[in-house]
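K.L.:
Sequential numbering of the sequence shown, starting at 1, is according to full-length UniProt numbering.
Note that CB positions come from ideal geometry on N, CA and C, so glycine has one too.
From a predicted model like this one, the values you see are computed outputs, not experimental measurements.
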Amino acid sequence: MSDCFHCGEPVGTADYALEIKGIKQPFCCPGCQAVAETILGSGLASYYEHRTAPGAKGDLVPEELLAMANYDLAEVQQEFVTEQGAEREIQLTVEGLTCAACAWLIERHLFTLPGLRYINVNTTTHRARVRWDPEQLSLSDLLKGFAAVGYRAYPFQTHSQEALYAKEVKSYLYRMGLAGLGSMQVMMCSVALYMDLFVSVEQEFIVYFQWISLLLSTPIMLYSAQPFYVNAWRSLRQGHLSMDVSVSLALIGAFIASIWATVFNTGEVYYDSITMFVFFLLLGRLLELRARRKASESSSNLARMIPVMATLVEAQGERLVAAKTLKVGDQIRVLAGATLPADGIVLEGRASIDESMLTGEPLPEVRQVGDQVFAGTINSDSPLLLRISHPMSESRIAQIMRLQDSALDEKPALALMADIISRYFILVLLLIAAAVWLFWHFHAPEKAFWVTLSVLVATCPCALSLATPTALTTATARLTRSGILLRRGHVLDVLTQANRVVLDKTGTLTTGEIRLKRIQAMEGQDGHYLQRIAAALESRSEHPIARAFRLGEVLLPVSDYRLEIGCGVAGNIDGKAYRLGSAQWLKAPTDFEQGLSIWLEEEGLLVARFELEDTLRPDAPALILALQQAGLAVTMLTGDSSVQAERVAAELGIDELVKGVTPDGKLDYLKARERKGDVSIMVGDGVNDAPVLAGAHASFAMAGGTDLAKNSADAILLGDDLCKLLEARRLARHTRRIIRQNFAWSLGYNLLVLPLAASGWLPPYLAAAGMSLSSLIVVSNSMRLNKL
């Protein structure tokens, strides 16, 4: 009975076959045959040459194909599909991925579908990010595209991803448990073998304990050590060296040599060393897996903060519903002490909202009618009635999770450098190991193999490979908890190299909220009464200037209200005609000093001037001073051409003011600075800042800024706290220092242990323990970033 060419399962009596490259290949079922036909028909036959494991069984039944059509329903998609302009994007969990060839096959095949714009398959996380044009391609057809080449894909959801992670951890624990128990039993047998060094032990007992050790070691070598063999073979098939290559060489070589010694009763056995080696390696891998998971766990923790149920308010009354079924426009009630289940606008009530999970700020913020509130935050003290403003898939917390996943997908320069160093380091070590074997082969042949084994084990660059990812992952999670969301991985690199910070004015250095600074009433007029008149006239407007006139008093009645777009407002109050607006509209004097002035006219006569200002953020002066003390030049780059810009620059002590520039002009300025050798960090918030945010070496957007600005930036200040920029720079410098320490330790350890192993002073089991201890030190050192 032959095996299926596609999935590897036994072929039954049915005759399913295809001719592939001139050879008739058997298949176990029509599903596998159909998958193979799809692969061949797409011109992807080389998949079968490069795969390192059998494909998934292609037994997708018609009922499952029909069920995929449900994913085209709008109410189903709203939970996990996001809109990117005219396109849509989804993150999928993919089952059946075993190697890079699987990802290559999926990507090549799906790109043949009309309307597919982007796909990236990650074999490590078993996830795929896909973007498509819904006018040309449906989601169900996209999922069928995965099925056509033998893989199942379904929308990624946090609980399912955590289940996969738990499964992976469980697999490591099983393998490590077997290796730990087995190595202890092997060590017990080895005690009897070591006793032969001190007292005479009969040969029959020695042979007996060697065979027992072989039986105990075999499951460890076949099952526990399997991940190292698979990864080594995969990397060799892809044409590069990984640390698993040297690990696998050491394990297989030692095991075969020990079997030879056992069977032919000649030489030494090292079953104890190799089983301990496998145990220590698996322990290191498990710690690495947990370290890499830390940032993802912070995203999962965010998702878990959203309550499962919500109180829906309807005409018939209130009832509990699943939070994920809420739609835009629904009204919900959130009691004191409860967690908000969705993003919304406050319709009734006033309460303190704990937003620390989003902003990192411990103090609650007061939210009242008209204010935006977010899912996952906590209502501290008073009931609220909310109107849902965004579906769950577009909520602030969902955006944070997507942006963080994108940041973790990218590899910064430090990580790329570490990968390159590791590859060349392994090549050098393999050459050194070969040289050591040749030396001992001619001087003491009986020691050649074991000394070479010690060299391979002791110098395995596990710590070097862990040096960068553990530090970067820990730093990313630490910044997220502090209210700084990294969207791209290079930000930490740039923060340590920057010599200039470029800041927008409105909404960045200032709050972007206009307030009334001073009232200049004409002689004989009551300033407070005139302010009440202005407040009544502006009460129907949502313009930022109108909000500056709002009072907590009963409004005066206004009749014959008129809005003059671009000029102001007019109306009758207490039988008198009033107009409130710009100096040009009311023909008022324009020779007043800095600031924005609004005039009030009564029956054709000017009666008051209201001086307005855009207030500075409270933390702006401290930020500018700290940046300058750190040796960074500060530029204020603004489109505001008024004297207000000069006033703000002077008040803050800005080094350079560039005002009245267009969005293109801002980008031109940044490019000119780059040509002069500056490395710049840009901070902005508006639509006009989007080009310069995208073009800067690194950029930060304010959380209260426009969506376009946040999508263009490399990082987001979630709490609109400018001083978080200083915290990010401080952590970036600590991260660089930690990575350098990790590199120094891992390289120093290898340079120290190499001569000991090469000279025969270091036995393999001590080499394995030292290598694992080195990895643990690197991971522990990286975890210190959590406490900074």
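To the nearest angstrom, how far is it from the Cα of glutamate 64 to the Cα of leucine 139?
P.N.:
Low local confidence applies: a pLDDT of 47 at glutamate 64 is under 50, so the model's placement there is unreliable, with the coordinate-based value given in what follows. When rounded, the distance between both Cα atoms is 14 Å.
K.L.:
Between the C-alpha atoms of valine 569 and glycine 575, what's the straight-line distance to the nearest angstrom?
P.N.:
Rounded to the nearest angstrom, the two C-alpha atoms are 16 Å apart.
K.L.:
Mind the definition here: the stretch 635-642 touches the stretch 660-669 only if three or more C-beta pairs lie below 8 Å; say whether that holds.
P.N.:
A contact exists between the stretch 635-642 and the stretch 660-669.
K.L.:
Mind checking whether alanine 608 and alanine 498 have CB atoms under 7 Å apart?
P.N.:
For alanine 608 and alanine 498, no; Cβs fall outside 7 Å.
K.L.:
Look at alanine 458 and leucine 762 and say whether their C-beta atoms are less than 7 Å apart.
P.N.:
Taking 7 Å as the Cβ cut-off, alanine 458 and leucine 762 qualify as a contacting pair.
K.L.:
In chain order, which beta strand (DSSP E) runs of at least 3 residues are fully inside the stretch 566-622?
P.N.:
List check, beta strand (DSSP E) in window: 568-573, 576-581, 596-602 and 605-616.
K.L.:
Taking the alpha carbon of valine 369 as the reference point, which residue from Ile23, Ile345 and Arg562 has its own alpha carbon closest?
P.N.:
Considering only alpha carbons, the answer is Ile345.
K.L.:
Helix, strand or coil for residue 789, going by three-state DSSP, please let me know.
P.N.:
Coverage of the chain is limited to positions 1 through 788, which leaves residue 789 absent and any answer about it impossible.
K.L.:
Taking Cβ to Cβ, would you say threonine 474 is nearer than 7 Å to serine 775?
P.N.:
Against a cut-off of 7 Å, the Cβ pair of serine 775 and threonine 474 comes out as no contact.
K.L.:
If I measure Cβ to Cβ from valine 436 and keep anything under 7 Å in the same chain, skipping five residues before and after, which residues do I get?
P.N.:
Excluding residues within five positions, the ones whose Cβ falls inside 7 Å are Val451, Thr452, Val455 and Ala758.
K.L.:
Using a 10 Å radius around the Cβ and a threshold of 16 neighbouring Cβ atoms, would you call asparagine 379 buried or exposed?
P.N.:
By the neighbour-count rule (16 or more Cβ atoms within 10 Å), asparagine 379 is buried.
K.L.:
Is arginine 518 helix, strand or coil by DSSP?
P.N.:
Reduced to three states, the DSSP call for arginine 518 is strand.
K.L.:
On the premise that isoleucine 484 lies in contact with alanine 630, defined as a C-beta separation below 8 Å, what is that separation, rounded to the nearest angstrom?
P.N.:
At roughly 17 Å, the Cβ-Cβ gap does not stay under 8 Å, so alanine 630 and isoleucine 484 are not in contact.
K.L.:
Please check the pair valine 679 and leucine 503, which I expect to be a contact at CB under 8 Å, by giving their CB distance rounded to whole angstroms.
P.N.:
Not a contact, Cβ separation roughly 16 Å.
K.L.:
The beta strand (DSSP E) that contains lysine 24, what's its start and end?
P.N.:
It spans 23-27 - the beta strand (DSSP E) in which lysine 24 sits, taken as one unbroken run.
K.L.:
Using 7 Å as the threshold, is the C-beta distance between histidine 109 and valine 169 below it?
P.N.:
No, the Cβ-Cβ distance between histidine 109 and valine 169 is not below 7 Å.
K.L.:
Compute the Euclidean distance between the alpha carbons of glutamate 613 and leucine 596, then round it to the nearest angstrom.
P.N.:
Looking at the two C-alpha atoms, the distance is approximately 6 Å.
K.L.:
Take every Cβ of the stretch 316-323, pair it with every Cβ of the stretch 258-273, and state whether three or more of those distances are shorter than 8 Å.
P.N.:
With a cut-off of 8 Å, the stretch 258-273 and the stretch 316-323 do not count as touching, because too few Cβ pairs lie within range.
K.L.:
Is the beta carbon of glycine 349 less than 7 Å from the beta carbon of leucine 384?
P.N.:
Cβ atoms of glycine 349 and leucine 384: closer than 7 Å.
K.L.:
Look up arginine 127 in the DSSP assignment and say whether it is helix, strand or coil.
P.N.:
It is a strand residue.
K.L.:
Taking the beta strand (DSSP E) that tyrosine 561 belongs to, which residues open and close that run?
P.N.:
From DSSP, the beta strand (DSSP E) with tyrosine 561 extends over 559-564.
K.L.:
From the DSSP output, in three-state form, read off arginine 88 for me.
P.N.:
DSSP places arginine 88 in strand when its eight states are reduced to three.
K.L.:
Based on the DSSP secondary-structure assignment, which residues constitute the bridge partners of proline 155?
P.N.:
Partner(s): Leu92.
K.L.:
Given a cut-off of 7 Å, decide if tyrosine 271 and valine 186 are closer than it, judged by their beta-carbon atoms.
P.N.:
The answer is yes: Cβ separation under 7 Å.
K.L.:
Which residue from Asp655, Glu603 and Leu282 puts its Cα closest to that of isoleucine 624?
P.N.:
Closest by alpha carbon: Asp655.
K.L.:
Where glutamate 365 and glutamate 83 are concerned, what is the direct C-alpha to C-alpha distance, given to the nearest angstrom?
P.N.:
Approximately 30 Å between the Cα atoms of the pair.
K.L.:
So lysine 666 packs on valine 692, CB below 8 Å; how close in whole Å?
P.N.:
With 8 Å as the limit, lysine 666 and valine 692 qualify as a contact, their Cβ atoms being about 4 Å apart.
K.L.:
Based on DSSP bridge pairs, tell me the residues matched to arginine 500.
P.N.:
Note: arginine 500 sits in a beta bridge opposite Ala633 and Ser680.
K.L.:
If I'm right that serine 248 touches alanine 232 with Cβ under 8 Å, what's the distance once you round it to whole angstroms?
P.N.:
About 4 Å separates the two Cβ atoms, so the contact holds.
K.L.:
Rounded to whole angstroms, what is the Cα-Cα separation between tryptophan 211 and threonine 218?
P.N.:
Straight-line Cα distance between these residues: approximately 11 Å.
K.L.:
What residue range is occupied by the uninterrupted alpha helix (DSSP H) comprising aspartate 354?
P.N.:
It is not in any alpha helix (DSSP H) - aspartate 354 instead sits in the beta strand (DSSP E) that spans 351-354.
K.L.:
Per DSSP, threonine 311 is paired with what?
P.N.:
Its beta-bridge partners are Leu320 and Arg333.
K.L.:
Buried or exposed for leucine 752, going by 16 or more other Cβ atoms inside 10 Å?
P.N.:
The residue is exposed, with fewer than 16 neighbouring Cβ atoms inside 10 Å.
K.L.:
Given a cut-off of 7 Å, decide if leucine 632 and valine 494 are closer than it, judged by their beta-carbon atoms.
P.N.:
Going by C-beta atoms, valine 494 is not nearer than 7 Å to leucine 632.
K.L.:
Strictly by DSSP, which residues pair up with valine 81?
P.N.:
Its beta-bridge partners are Ile90.
K.L.:
If I follow the unbroken beta strand (DSSP E) through glutamate 484, where does it start and stop?
P.N.:
Looking at the sequence shown, residue 484 is not glutamate but isoleucine. Taken as a continuous stretch (DSSP letters only), the beta strand (DSSP E) holding isoleucine 484 covers 484-486.
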